[in-house]
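Visitor: Residue numbering for the sequence shown follows our numbering, beginning at 117 and increasing consecutively. Positions of the beta carbon are idealized from the N, C-alpha and C atoms, including for glycine. The structure is given below, and queries will be raised subsequently.
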Amino acid sequence: MKPGFDDSLRLAIVALAATLACQAGLAQTRPAGTPNAGTVLETAPPPPIPRAGEVAPLDASRVQPAAQPAAAGPKVKVKSFRLSGNTVFSSEQLAPLLRPFEGRELSMQELSDASDVVRDRYRDAGYFLAQAVLPTQDVTEGVVDIRIIEGTVGQARADVAPEARVPASLVNGYLGLLPSGALVTEQSVERPLLLLSDLPSVKVHSVLKPGSQFGTADLDLKVTQEGRLFGGSVYADNFGNRNTGETRLGADLETRGLLGLGELLTASLFRASNLTTLGRLGVTLPVGPLGTKVSLSYTQLSYDVAGAFSNLNADGEGKIVSLLAQHPWTRSRNANLFLLAGVDVKKIEDRTAGTGSGSSSAAPNIDGRHVNLLRLGVNGDFRDDMGGGALNSYSLSLFQGQNKIQTADTLLVDQRSTQTNGSFTKLQFEFLRLQSLASFLSEADSLALAVKGQLANKNLDPSEKVSLGGPRGVRAFPVGAASGDDSLMLSAELRHRLAGFRPFGANVVLSAFVDYGTVKVLHRGTSADNKLTLGAAGIGLNVVKKDDFQIRLELASRLGGNDYTGDEADTKSRGWLLAQKWF
């Protein structure tokens, strides 16, 4: 017998009830705002991107001829100039520089001034060894010859000290970027020197000497070991979430060239209020002669939820393997651009204790996800002279990911609600400008302006969201507050260094700041509370001695009109404290 209409209706109602029960059960075990592995991982700093080093100024004094007084002699009636030896700039490009000297009677000093104008054009373009000279010549016809010596590389040699923990083959590979016969420019010489200085504990001393042939210069390098083989820091802060551990104690350790490969080995660990533990191991290795570096890291997290959500008996864990390649597209003192490509593999599990009656107890509710990410991006920095000078830094990364929910019940709920399972794309960006205020106030004053955010193409897994709260966001709100898929954060911070007060040799900087942030909780959400806006203002104190210690205190209060109603919604002010010691 075929089922009738009543039977079909009854089956549909039962199925719907089962689905709603599943949804309700999961909603009760993980209320909105409950910390999860994703939000806890957000409190930890990401694996470090290989840092740029510093290099001592190039000693070019031996190839810079001392200024000589012009020889005395009769004036010359100059009709025109004839240039030779120029390949960088054509004679047509240089001719306008010399027109003010044409059609006049010039002394030898004025002729020398004319050649200096041509030389300066080269040096302004970075050809710092270029010279423009007046050879012995017959000027009775009024045509003056200027010979241009643009400056080329003779030989590039490196002396690698035995204690330097970097292969000589790698040093020579970097020097290969400056081949014999190449024109000498600031950027062409700086690039291999800076790439060497980017290696851990490597010190580079460089000298340019006159080459064996006229118009050439030889580059001699001395590569030695700098600093200790082992280093790191210990720290204490309150940068955690109060429900998974607010007070954190941590340590970062590193070895610099231990294997003699120019590599950096790192290990990090922090413990938050006996609730959260996060550890990370990493290695960064130079690959090839072009300055490329590859980093591999493994991160493991375990956490327990307490505080406002302690009745849930919730905990979880996360494991991340990250691979990142960085290539210096531009490397100089005043501008840098690095290309990034990487892969992240995440395994995340959030658990909530099951419930039962009498002597029976239900199995724990497990929410497991595997998230794989492909990253392509750029980061860098540059300096400019606008408004008295500024340092700018930026980053832009595009992520293509795949979220695979491993738990059947969670997948069922996700398919009927947020639909985070499957592929996704997101874009992260950040720009920071540190503006000198020497032209307006004093050399001790600066203004830091920052903007950062994320854009997504769909609703994201909690591990891929960003939150507005915390010491790196809108600073009057707790860590993990206002987490969402799409976000924008703005910050302005006025800083003043106390020039006459240096306790223990440290700089003391006072600050006043304003933070603003807006977030869409769900990219495709339509509820009235799907978009949140937060604001804060505060003051700060930063006492720091480079490579020694840092103490930072910030106090922030909420500005009116914010939309936050989550955990600690009634707390109007917040303080952040960090104490760190390097060794």
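Would you mind giving the Cβ-Cβ distance between residue 465 and residue 511, rounded to the nearest angstrom? I have them listed as a contact below 8 Å.
Guide: Here the question's residue 465 lines up with position 349 in the sequence shown. Here the question's residue 511 lines up with position 395 in the sequence shown. 30 Å between Cβ atoms; not a contact.
Visitor: Confirm, please, whether the CB-CB distance from residue 388 to residue 415 is below 9 Å.
Guide: If you number the sequence shown from 1, residue 415 lands on position 299. If you number the sequence shown from 1, residue 388 lands on position 272. It is not a contact, given that the beta carbons lie outside the stated cut-off.
Visitor: Spatial neighbours of residue 403 within its chain, please: C-beta separation below 6 Å, excluding the five flanking residues on both sides.
Guide: Reading the sequence shown from its first residue, position 287 is the one you call residue 403. 410, listed in sequence order.
Visitor: How many whole angstroms separate the CB atoms of residue 600 and residue 629, which I take to be in contact at a CB cut-off of 8 Å?
Guide: Here residue 600 refers to the residue found at position 484 of the sequence shown. Here residue 629 refers to the residue found at position 513 of the sequence shown. Not really, about 22 Å apart at Cβ, beyond 8 Å.
Visitor: To which residues does DSSP link residue 486 through a beta bridge?
Guide: In the sequence shown, residue 486 corresponds to position 370, counting from 1. Answer is 463, 520.
Visitor: Which two residues bound the contiguous alpha helix (DSSP H) that contains residue 609?
Guide: Counting from 1 along the sequence shown, the entry for residue 609 is found at position 493. Counting along the chain, residue 609 falls outside any alpha helix (DSSP H), though it belongs to the beta strand (DSSP E) covering 602-613.
Visitor: Can you list, in chain order, the residues of its chain with a C-beta nearer than 6 Å to that of residue 203? Leave out the 5 residues immediately preceding and following it.
Guide: Here the question's residue 203 lines up with position 87 in the sequence shown. Closer than 6 Å at the Cβ level, and outside the excluded window around residue 203, lies no residue.
Visitor: When the Cα atoms are used, what is the spatial distance from residue 682 to residue 483?
Guide: By one-based count along the sequence shown, residue 682 stands at place 566. By one-based count along the sequence shown, residue 483 stands at place 367. So the alpha carbons of these two residues sit roughly 22 Å apart.
Visitor: Give the C-beta separation of residue 575 and residue 526 to the nearest angstrom, bearing in mind that I take them to be a contact with Cβ-Cβ under 8 Å.
Guide: Against the sequence shown, residue 575 aligns to sequence position 459. Against the sequence shown, residue 526 aligns to sequence position 410. That belief does not hold up - the Cβ atoms of residue 575 and residue 526 are roughly 14 Å apart, past 8 Å.
Visitor: Under a Cβ-count criterion, where at least 16 other Cβ atoms within 10 Å of its own Cβ denotes burial, should residue 462 be classed as buried or exposed?
Guide: As a first step, residue 462 is located in the sequence shown; it is residue number 346 there, counting from the start. Residue 462 is buried by the Cβ-count criterion.
Visitor: Just mark residue 692 as buried or exposed, buried being the case when its beta carbon has 16 or more other beta carbons within 10 Å.
Guide: On the sequence shown, residue 692 is found 576 positions in, with the first residue counted as 1. Residue 692 comes out buried.
Visitor: If you draw a straight line from the alpha carbon of residue 344 to that of residue 374, how long is it in whole angstroms?
Guide: Taking the sequence shown and counting its residues from 1, one reaches residue 344 at position 228. Taking the sequence shown and counting its residues from 1, one reaches residue 374 at position 258. Answer to the nearest angstrom: the Cα atoms are 10 Å apart.
Visitor: Pull up the CB-CB distance for residue 427 and residue 155, whole angstroms please, since I reckon it's below 8 Å.
Guide: To locate residue 427, count along the sequence shown from 1; it is residue 311. To locate residue 155, count along the sequence shown from 1; it is residue 39. In fact, because the Cβ distance is near 19 Å, the residues do not count as touching under 8 Å.
Visitor: Which term fits residue 620, buried or exposed, when burial requires 16 or more other beta carbons within 10 angstroms of its beta carbon?
Guide: Locating residue 620 in the sequence shown gives position 504, counting from the first residue. Exposed, because fewer than 16 other Cβ atoms sit within 10 Å of the Cβ of residue 620.
Visitor: Opposite residue 419 in the DSSP bridges: which residues?
Guide: On the sequence shown, residue 419 is found 303 positions in, with the first residue counted as 1. In DSSP, residue 419 forms a bridge with 392, 432.
Visitor: Look up residue 618 in the DSSP assignment and say whether it is helix, strand or coil.
Guide: Reading the sequence shown from its first residue, position 502 is the one you call residue 618. Correct three-state label for residue 618: coil.
Visitor: Could you work out which residue in 302, 340, 557 is closest to residue 278 when comparing CA atoms only?
Guide: Counted from its first residue, the sequence shown places residue 278 at position 162. When each option's Cα is compared against that of residue 278, the closest is 340.
Visitor: With respect to the alpha helix (DSSP H) encompassing residue 551, which residues constitute its N-terminal and C-terminal limits?
Guide: Locating residue 551 in the sequence shown gives position 435, where the first residue counts as 1. Residue 551 -> not in any alpha helix (DSSP H); beta strand (DSSP E) instead, spanning 538-552.
Visitor: Tell me which residue opens and which closes the alpha helix (DSSP H) that residue 275 is part of.
Guide: Taking the sequence shown and counting its residues from 1, the one referred to as residue 275 is at position 159. Here residue 275 belongs to no alpha helix (DSSP H); instead the beta strand (DSSP E) covers 268-276.
Visitor: Do you know offhand how far residue 271's Cα is from residue 338's?
Guide: Working through the sequence shown from its first residue, we reach residue 271 at position 155. Working through the sequence shown from its first residue, we reach residue 338 at position 222. About 14 Å.
Visitor: What does the Cβ neighbour count give for residue 236, buried or exposed, with the cut at 16 atoms within 10 Å?
Guide: Along the sequence shown, read from residue 1 onward, the residue named residue 236 stands at position 120. Counting Cβ neighbours within 10 Å, residue 236 comes out exposed, since fewer than 16 surround it.
Visitor: Does the stretch 571-590 come close enough to the stretch 637-655 that 3 or more CB-CB pairs lie under 8 Å?
Guide: The answer is yes - the stretch 571-590 touches the stretch 637-655, with three or more Cβ pairs under 8 Å.
Visitor: Touching or not, the stretch 612-626 and the stretch 591-599, by the rule of three or more beta carbon pairs under 8 Å?
Guide: As far as the Cβ criterion goes, the stretch 612-626 does not touch the stretch 591-599, which means the pair count is below three.
Visitor: Name the DSSP bridge partner or partners of residue 197?
Guide: What you label residue 197 is simply residue 81 of the sequence shown in a count that begins at 1. For residue 197, which the question treats as bridged, DSSP gives the partners 260.
Visitor: Measure the C-alpha to C-alpha separation of residue 152 and residue 548 and round it to an integer number of angstroms.
Guide: As a working mapping, residue 152 is identified with position 36 in the sequence shown. As a working mapping, residue 548 is identified with position 432 in the sequence shown. Rounded to the nearest angstrom, the two C-alpha atoms are 30 Å apart.
Visitor: Is residue 396 buried or exposed, if buried means 16 or more other CB atoms sit within 10 Å of its CB?
Guide: Counting from 1 along the sequence shown, the entry for residue 396 is found at position 280. It counts as buried.
Visitor: What is the DSSP secondary structure of residue 380, counted as helix, strand or coil?
Guide: For the purposes of this step, residue 380 is identified with residue 264 of the sequence shown, where counting begins at 1. If DSSP states are grouped into helix, strand and coil, residue 380 belongs with the strands.
Visitor: Determine, using beta carbons only, whether residue 694 and residue 657 come nearer to each other than 9 Å.
Guide: Start at 1 with the first residue of the sequence shown, and residue 694 comes out as number 578. Start at 1 with the first residue of the sequence shown, and residue 657 comes out as number 541. No.
Visitor: My assumption, with CB atoms under 8 Å, is that residue 380 sits in contact with residue 400. Please give the rounded CB distance.
Guide: Residue mapping note: residue 380 aligns to position 264 of the sequence shown, counting from 1. Residue mapping note: residue 400 aligns to position 284 of the sequence shown, counting from 1. The Cβ separation is near 4 Å, so the contact holds.
Visitor: Whether or not the stretch 446-463 and the stretch 489-501 are in contact is what I'm after, with contact meaning three or more pairs of Cβ atoms, one per stretch, closer than 8 Å; do they touch?
Guide: Yes: at least three Cβ pairs fall under 8 Å.
Visitor: Once you ignore the five residues that flank residue 706 on each side, which residues in its own chain have a CB closer than 7 Å to its CB?
Guide: With the chain covering only 117 through 699, there is no way to say anything about residue 706.
Visitor: Do residue 150 and residue 430 count as a contact pair if the criterion is CB distance below 9 Å?
Guide: On the sequence shown, position 314 is the one that residue 430 refers to. On the sequence shown, position 34 is the one that residue 150 refers to. A contact, by the Cβ cut-off of 9 Å.
Visitor: Report the three-state DSSP secondary structure of residue 646 (helix, strand or coil).
Guide: Here residue 646 is taken as the residue at index 530 of the sequence shown, counted from 1. If DSSP states are grouped into helix, strand and coil, residue 646 belongs with the helices.
Visitor: With respect to the alpha helix (DSSP H) encompassing residue 238, which residues constitute its N-terminal and C-terminal limits?
Guide: Against the sequence shown, residue 238 aligns to sequence position 122. 224-240 is the span of the alpha helix (DSSP H), which, as asked, contains residue 238.
Visitor: Per DSSP, which residues does residue 372 bridge with? Please list them.
Guide: Position 256 of the sequence shown, counted from the first residue, corresponds to residue 372. Per DSSP, 380.
Visitor: How is the beta strand (DSSP E) around residue 623 delimited, first residue to last?
Guide: The residue you call residue 623 lines up with position 507 of the sequence shown. That run of the beta strand (DSSP E) goes 623-636.
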